[in-house]
Each structure stands twice: as C-alpha cells, then as structure tokens.
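J.: Take this structure, written in structure tokens, and hold onto it; I'll ask about it next.
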Amino acid sequence: MFLDWLERRIDPFAPFEEGRMPPKSVLGFARFYLAPIRWALACLFVIAVIAGSVEASLYLVMRWFVDLLASADRATVLTDHAPGIALALVLVAVVRPVAIWLHELLSNQLVVPQSTNQIRWRAHLYTLGHSLSYFQADFAGRLANRVVQVGPAVRELAVVFIDTLLYVAIYAVTAIALFGSISLWLALPVLVWVLAYGALTAWFVPRARTRSHRTADTRSTLIGRVVDSYTNILTVKLFARDREERAAVRDAVDVHTKAYLHQFRLVTLTTTLLGLLNSALLVATGAASLLLWQRGGMSTGEASAGLALVLRLIAMSGWVMQTVRGVFENVGVIQESMQTISRPHALVDAPGAKALAVSGGAIRFEGVGFHYGRGDATIIEDLTLDLRPGEKVGLVGVSGAGKSTIASLLLRLHDVESGRILVDGQDIARVSQESLRGAIAMVSQDTSLLHRSIRDNIAYGRPEASQAEIERAARLAHADGFISDLVDHKGRRGYDAQVGERGVKLSGGQRQRIAIARVILKDAPILILDEATSALDSEVEAAIQDSLDTLMRGKTVLAIAHRLSTIAALDRLIVIDRGRIVEEGSHAELVARGGLYARLWARQSGGFLADRAADDAPPERGRHVSDALRG
15 MFLDWLERRI DPFAPFEEGR MPPKSVLGFA RFYLAPIRWA LACLFVIAVI AGSVEASLYL
75 VMRWFVDLLA SADRATVLTD HAPGIALALV LVAVVRPVAI WLHELLSNQL VVPQSTNQIR
135 WRAHLYTLGH SLSYFQADFA GRLANRVVQV GPAVRELAVV FIDTLLYVAI YAVTAIALFG
195 SISLWLALPV LVWVLAYGAL TAWFVPRART RSHRTADTRS TLIGRVVDSY TNILTVKLFA
255 RDREERAAVR DAVDVHTKAY LHQFRLVTLT TTLLGLLNSA LLVATGAASL LLWQRGGMST
315 GEASAGLALV LRLIAMSGWV MQTVRGVFEN VGVIQESMQT ISRPHALVDA PGAKALAVSG
375 GAIRFEGVGF HYGRGDATII EDLTLDLRPG EKVGLVGVSG AGKSTIASLL LRLHDVESGR
435 ILVDGQDIAR VSQESLRGAI AMVSQDTSLL HRSIRDNIAY GRPEASQAEI ERAARLAHAD
495 GFISDLVDHK GRRGYDAQVG ERGVKLSGGQ RQRIAIARVI LKDAPILILD EATSALDSEV
555 EAAIQDSLDT LMRGKTVLAI AHRLSTIAAL DRLIVIDRGR IVEEGSHAEL VARGGLYARL
615 WARQSGGFLA DRAADDAPPE RGRHVSDALR G
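The sequence shown begins at 15 in the numbering used here and counts up one residue at a time.
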C-alpha cells in the first residue's frame with residue numbers, strides 16, 4: 015500500500031507545456047527535464063548525505079572499538095562501556111540499514127523509473143510537434159533512439175552525482191578530519207591525493223566528453239543504418255542489394271568501433287595514472303602512520319581506521335572515475351539528443367488559435383507562394399484558387415507541377431511563404447492544426463498503416479467508433495472480404511490481426527482499401543484524394559466507386575490524378591504547370607481548347623485507351639462520377 019502511494023508521487027504523464035523548446039545547453043537541458051522532480055531529488059540528496067555520513071562514521075567507530083580492545087579490562091569491558099557499545103550497535107544494526115533502505119526506496123521506487131519515462135514522454139511529445147520536413151530529413155530509427163536514450167542519460171546526471179560524487183566527498187572530508195585531528199603530516203598525503211585526483215578528473219572529463227559524444231553519434235548512425243535496412247527490406251530484397259546493405263552497416267560498425275577504441279585509450283591511460291596515484295597515497299599514509307605510531311603520536315585504533323579509510327577511498331576512486339566517465343558518456347548522449355530535439359517547431363499554432371468551424375467547406379487559395387528550402391526553385395507561385403462548398407475539383411499536371419504541394423499546404427504540413435489559405439473564410443494559419451486536419455480526410459497514393467490491428471487502423475480518425483461502424487466502413491471500402499481471412503503471426507484474426515510495420519503484411523491494394531475505410535469512417539467535410547485508387551486493380555476499383563460517390567457526397571473534394579480519365583467527370587479541372595494555374599474548366603472545355611490538358615489527354619488516350627473509337631472524345635457532363643473514376 016505504501017509502495018503504491020510512493021510510486022504514484024511522480025506521474026510520467028503529468029500535464030506540461032508541450033510546445034516549450036528545451037534549452038540548448040547540457041545543464042539547461044537537464045534542468046528543464048529534471049525540474050518536475052526536483053523535490054524528489056532533494057529528498058534523495060538528504061538521505062544520501064545521511065547514508066554517506068553513517069557509512070563514513072563506521073570508520074570512527076572502528077577506531078574507538080580497536081582502541082577499546084587494546085586498552086579495556088576484558089572482564090569488565092561490557093559493563094564499563096555499555097552505553098558506547100549500545101550506541102555503536104544501534105548505528106550499525108539500525109541506523110545504517112534504515113538509511114540504506116530509505117536511499118534505495120527513494121531511488122528505486124520514487125525517482126528512477128518514473129523520471130526516466132517522464133523525460134522520454136516529454137521529449138517524444140516535443141519531437142512529435144516538429145513539422146513533416148523534420149522527420150523526412152532524418153532516420154526514423156535515429157530519432158527514436160535519441161528520444162529513448164535521453165531519459166536515462168538525464169536521470170543519471172542527477173542520480174549519479176548524488177549517489178557517487180557525494181559519497182566520495184563525504185569520505186574524503188571524514189579522512190582529512192580524522193587525520194588532521196591526529197597530525198597535519200598524516201592529513202597531508204590525503205590532501206595532496208584529493209588535489210591530484212581533482213586535477214586528473216579535470217583533465218579526463220573534457221576529453222571523455224568529446225570522445226563520448228563522438229561514440230554516441232556513431233552509435234546513432236549505426237542504429238539508423240540498421241533500421242533503414244529493416245524498414246526498406248522489401249526494396250533491399252527486390253533489388254538484390256543485400257551485399258551493399260551489409261557493406262553499409264559494416265562501415266558504420268567500423269566507424270563506431272574506431273570511435274569506441276579511441277575513447278577507451280583515454281580510459282586505459284587515466285586508469286593507469288589513477289593506479290599510480292592510489293599506490294602513492296597508500297605508501298605515504300602507511301609510512302606516516304607507522305612513524306607516528308612508533309613515536310606514540312597515534313593509537314592502534316586510529317592507525318587501523320585511517321588505513322581502512324584510505325583503502326576505501328582508493329577502492330572508490332576507480333569506481334568514481336569510471337562513474338564520471340559514464341556520466342560524461344551520458345553528457346555525450348544528451349548533447350546528441352539535444353541537437354536533435356532542441357530545435358524550434360517550424361509549424362506552431364498562432365497564439366490564441368481557435369478550432370476551425372466548417373460550415374460549408376469553401377476553400378480559397380489567395381496569392382499563395384511556396385518553395386521547399388533555401389535556394390530551391392519556386393513550387394507554387396501567386397496561386398489564387400476558389401473551391402465552392404461541395405464542389406469536386408481535380409488537379410491536373412505533369413509530375414513536379416505542384417499538385418501534391420497544394421494539398422500539403424491545405425493541410426498545413428508546410429506554411430505558405432506568401433498569401434494565405436482560407437476555409438470558410440478562416441485563415442488556416444490562425445486556427446489550430448489539430449482542428450484543421452480533423453476537418454480534412456485524405457487518401458494518398460503512398461498509404462502506410464500503423465503496426466497495429468486492422469481495427470485500430472480503420473478507427474484511427476475516429477477512435478471512439480463502434481465495432482459496427484468500423485465494419486460498415488470496411489464493407490463500403492470492399493475490405494471486409496480479405497479482413498475476415500487475415501491471421502497474424504500470433505494467431506490473431508480478422509479485425510484483431512496486426513498489419514506489420516507500415517502495413518507490409520498487406521498488398522498495396524489492401525492497404526489502399528483500409529485507408530479508404532479509414533476516411534469513410536472519419537467522414538470529414540473536406541476530402542483530398544491523391545491518386546486514391548492507383549493501387550487498386552480495375553475490378554476492385556470499379557467495385558468501390560459507388561462507395562467513393564457516397565464518400566464524396568456533400569463534401570468539398572480536391573482530387574489529384576495522373577490518369578485523367580479518373581477525374582474527367584469532376585465539376586471542374588485545374589491544370590497546374592510549374593506552380594501556376596494555366597488552364598481551368600470542364601473536361602470538354604479543356605480538350606476543345608487544345609492546350610496542355612488536351613495534349614496530356616491525347617497522350618494518355620493513345621497510350622491507355624487506343625481501342626476506343628474516339629480517343630479524345632470528352633465524356634458527357636451528366637456522366638456519373640463513378641463511371642469516370644473507373645478510368
């Protein structure tokens with residue numbers, strides 16, 4: 015009961031300011047993530063001081079006890095020294111175990127697990143807030159590694175300082191105080207050792223930090239390489255590139271090994287110097303103790319306790335040096351994670367952003383300009399386009415004309431550089447991103463699913479949907495047939511079956527139907543179709559057209575297709591070339607005009623529709639959308 019209460023004092027998921035960027039210095043970064051548990055660290059610090067003091071005082075008790083044995087009357091020692099013996103017994107048998115128990119309790123039940131995962135959770139949420147381009151510019155595996163590893167690295171900075179460095183400080187002070195009370199000549203070797211140890215640590219730490227950062231960076235690159243191979247394993251197999259992938263990972267392992275060896279050369283040198291320093295301390299202290307004892311300047315108990323303290327300091331010094339090395343390995347990890355995580359969000363909600371209120375679904379692109387990155391060619395230039403509520407508009411153009419970019423800008427996956435985009439008169443830059451994307455459903459050509467169940471993937475846009483609603487969406491998308499036959503590697507069936515990473519256990523057409531079911535269930539007022547049926551065979555595509563008609567009914571639709579026949583019957587077609595609108599009108603009007611659209615239509619008609627009597631004959635305006643979408 016008590017343990018449950020204690021473990022709940024730190025909530026890994028406690029609310030916090032998710033959009034606040036962590037500082038870009040190691041100490042600032044650590045303070046930022048440790049701030050919520052500073053009270054717990056303060057408690058741990060107090061208990062560590064008490065536990066360390068108790069441990070160090072045992073050597074003073076040992077001095078008293080050895081002198082007692084050397085001088086007391088054996089017959090009356092228990093009665094003559096009962097209070098002292100009782101206090102020593104309480105210290106050893108009660109105070110010390112309680113101090114150790116409290117320290118372990120606070121460390122293991124209050125601080126370590128909760129703080130580690132709280133840091134990971136907060137780093138993940140901030141990372142999740144980065145723009146799409148942030149994730150496209152790095153390995154997913156490396157990003158995940160840096161988010162996961164930063165938790166224990168930050169925690170160790172605080173906990174190791176409290177548990178290790180504090181103990182050494184207490185032991186060193188105790189030894190100097192004990193020796194100083196006997197003779198300054200006895201305290202001098204310890205003082206010199208402390209100064210030399212500090213100098214060695216000061217020399218070692220910055221070099222360890224630099225090499226640790228290099229090792230951590232090469233480790234992340236190695237992980238990224240491995241994850242990249244696994245994620246794209248189908249491409250690797252299809253192109254028979256196993257040898258090249260092995261070579262790429264081998265190179266990454268080789269670079270990491272060299273960085274690791276460079277780091278451990280420093281460890282070997284430092285450990286050797288520390289061994290010489292410790293031997294010098296032991297010889298100097300032993301010699302001083304022998305001379306003082308010989309001249310009657312110290313008792314046997316004092317000599318025993320002093321030498322025991324020195325041996326304890328020597329034993330701890332190597333441990334502490336390795337711990338300090340570990341700390342600065344963690345500093346390297348933190349620096350690496352900090353460089354990845356501590357970047358300003360490229361896309362943020364405007365101050366006081368309200369939820370988008372969609373009344374009809376009217377969309378207006380007003381003088382929009384955009385290009386990807388510095389020095390890149392303009393993708394969209396002075397684009398002005400209106401979509402009326404409920405209108406179905408097709409975007410046409412060659413690859414790279416800017417069609418998908420227009421859809422991305424409407425979803426605010428990128429911010430426009432000039433102009434603005436309005437939905438029912440509301441500037442999308444002034445509303446919350448969550449409400450904007452909640453009002454838009456999209457089926458894209460490159461459909462990736464989450465490594466979860468079929469049910470979770472279909473309900474992703476509406477997690478609260480009932481099983482009956484999920485099954486209805488699957489039927490409308492003609493996905494129910496193959497779903498019922500699915501069995502994953504753990505024997506889960508149907509809607510409970512897992513689809514694998516990015517949905518790799520399903521065919522392209524099956525993934526596309528799951529994506530369509532997901533959009534049907536979401537039922538958003540604005541719909542974007544980006545080559546929505548490109549992965550479907552003709553029979554399945556024809557079978558779900560009526561469902562797509564139902565899906566589009568009453569919605570504002572922006573459809574992108576390279577096969578012009580799939581969008582020819584939409585209300586209006588917009589022809590894009592190099593980010594500009596060059597033509598606009600119905601299919602018949604554009605073919606009759608003889609411009610870019612007519613040339614594209616003639617080319618596709620000749621390539622795909624050669625058996626038709628009239629390749630460039632426009633469809634009737636009254637033709638059903640489902641007929642046109644069959645292509």
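Quick reminder that beta carbons are idealized off the backbone N, C-alpha and C, glycines included. Just so it is clear, the structure is predicted and the values come from calculations on it, not from any experiment.
Excluding the 5 residues flanking Ala449 on each side, which residues of the same chain have their C-beta closer than 7 Å to its C-beta?
T.: The residue you asked about is not Ala; residue 449 is Ser in the sequence shown. Result list for Ser449: Ala369 and Leu370, in chain order.
J.: Between Phe622 and the rest of its own chain, which residues show a CB-CB distance below 6 Å, the 5 nearest in sequence each way excluded?
T.: Its pLDDT being 38, under 50, Phe622 is placed unreliably in this model, and the value from its coordinates should be taken loosely. Cβ neighbours of Phe622 beyond the five flanking positions: none.
J.: What residue does the alpha helix (DSSP H) around Ser293 start on, and which one ends it?
T.: Asp256 to Gln308
J.: Straight-line CA distance for His646 to Ala167?
T.: Outside the shown range of the chain (15 to 645) lies residue 646, about which nothing can therefore be said.
J.: Identify whether Arg426 lies in helix, strand or coil by the three-state DSSP scheme.
T.: coil
J.: Between the alpha carbons of Ala183 and Ser318, how many angstroms are there, rounded?
T.: 21 Å
J.: Which ranges does the beta strand (DSSP E) cover as unbroken runs of at least 3 residues, wholly within the region 415-463, from first to last along the chain?
T.: 432-437 and 454-457
J.: With a cut-off of 8 Å on the beta carbons, I'd call Ala113 and Ile61 a contact; round off their distance for me.
T.: 7 Å
J.: With distance defined between alpha-carbon atoms, name the residue in Arg486, Thr564, Trp615 and Thr570 nearest to Val589.
T.: Trp615
J.: Suppose the cutoff is 7 Å on Cβ atoms and the five residues either side in sequence are ignored; what does the same chain contact list for Ile64 look like?
T.: Ala113
J.: Excluding the five sequence neighbours on either side, which residues of its own chain have a C-beta within less than 8 Å of the C-beta of Ala210, listed in chain order?
T.: Leu291
J.: Taking only the alpha-carbon atoms, compute the straight-line gap between Gly212 and Thr354 and give it to the nearest angstrom.
T.: 33 Å
J.: What's the gap between the Cα of Phe30 and the Cα of Arg469?
T.: 31 Å
J.: Just to confirm, is the Cβ distance from Ser129 to Arg160 under 8 Å?
T.: no
J.: Within a Cβ cutoff of 8 Å, which residues of the same chain sit near Leu180, ignoring the five residues on either side of it in sequence?
T.: Phe59, Ala62, Val63 and Gly66
J.: May I ask whether a heavy atom of the ligand GDP can be found less than 7 Å away from the beta carbon of Asn344?
T.: The ligand content of the structure shown is nil, which means the ligand GDP is not present either.
J.: Can you grab the Cα-Cα spacing for the pair Glu603 / Leu578, in whole Å?
T.: 14 Å
J.: I need the DSSP call for Ala575, collapsed to helix, strand or coil.
T.: coil
J.: How would you call Val297, buried or exposed, if buried means at least 16 neighbouring beta carbons within 10 angstroms?
T.: That one is exposed.
J.: Give the straight-line distance between the Cα atoms of Phe27 and Gly599, rounded to the nearest whole angstrom.
T.: 53 Å
J.: Would you call the region 405-415 in contact with the region 436-449, where contact means no fewer than 3 C-beta pairs closer than 8 Å?
T.: Touching, no.
J.: Which residues in the same chain as Ile581 place their Cβ atom closer than 6 Å to its Cβ, once the five residues preceding and following it in sequence are excluded?
T.: Gly408, Ala573 and Ala575
J.: Can you tell me whether Asn471 is buried or exposed? The criterion is at least 16 other CB atoms within 10 Å of its CB, across all chains shown.
T.: buried
J.: In terms of alpha-carbon separation, which member of Phe218, Leu436, Arg260 and Ser147 lies closest to Glu380?
T.: The residue with the shortest Cα to Cα distance from Glu380 is Leu436.
J.: For Arg110, does the three-state DSSP call read helix, strand or coil?
T.: helix
J.: Excluding sequence positions up to five away, which residues of its chain have a Cβ less than 8 Å from the Cβ of Ser356?
T.: Met35, Pro36, Pro37, Lys38 and Phe43
J.: If you drop the 5 nearest sequence neighbours on each side, which residues of the same chain put their C-beta closer than 8 Å to that of Val596?
T.: Val589, Ile590, Gly609 and Leu610
J.: Using a Cβ-Cβ cutoff of less than 7 Å, which residues in the same chain neighbour Gly300 once the five nearest sequence positions on both sides are dropped?
T.: Leu321
J.: Just to confirm, are Ala191 and Val208 a CB contact at a threshold of 8 Å?
T.: no
J.: Taking only the alpha-carbon atoms, compute the straight-line gap between Ser467 and Leu157 and give it to the nearest angstrom.
T.: 24 Å
J.: Buried or exposed for Ser234, please, with buried defined as at least 16 other CB atoms from any protein chain shown within 10 angstroms of its CB.
T.: Buried: at least 16 other Cβ atoms inside 10 Å.
J.: So, Val164 versus Ile348, is the Cβ gap smaller than 8 Å?
T.: Val164 places its beta carbon less than 8 Å from that of Ile348.
J.: Can we say the region 419-430 touches the region 495-510, given the rule of at least three CB pairs closer than 8 Å?
T.: no
J.: According to DSSP, is Glu31 helix, strand or coil?
T.: coil
J.: Suppose you measure from the CA of Leu198 to the CA of Ser226; what does that come to, to the nearest Å?
T.: 40 Å
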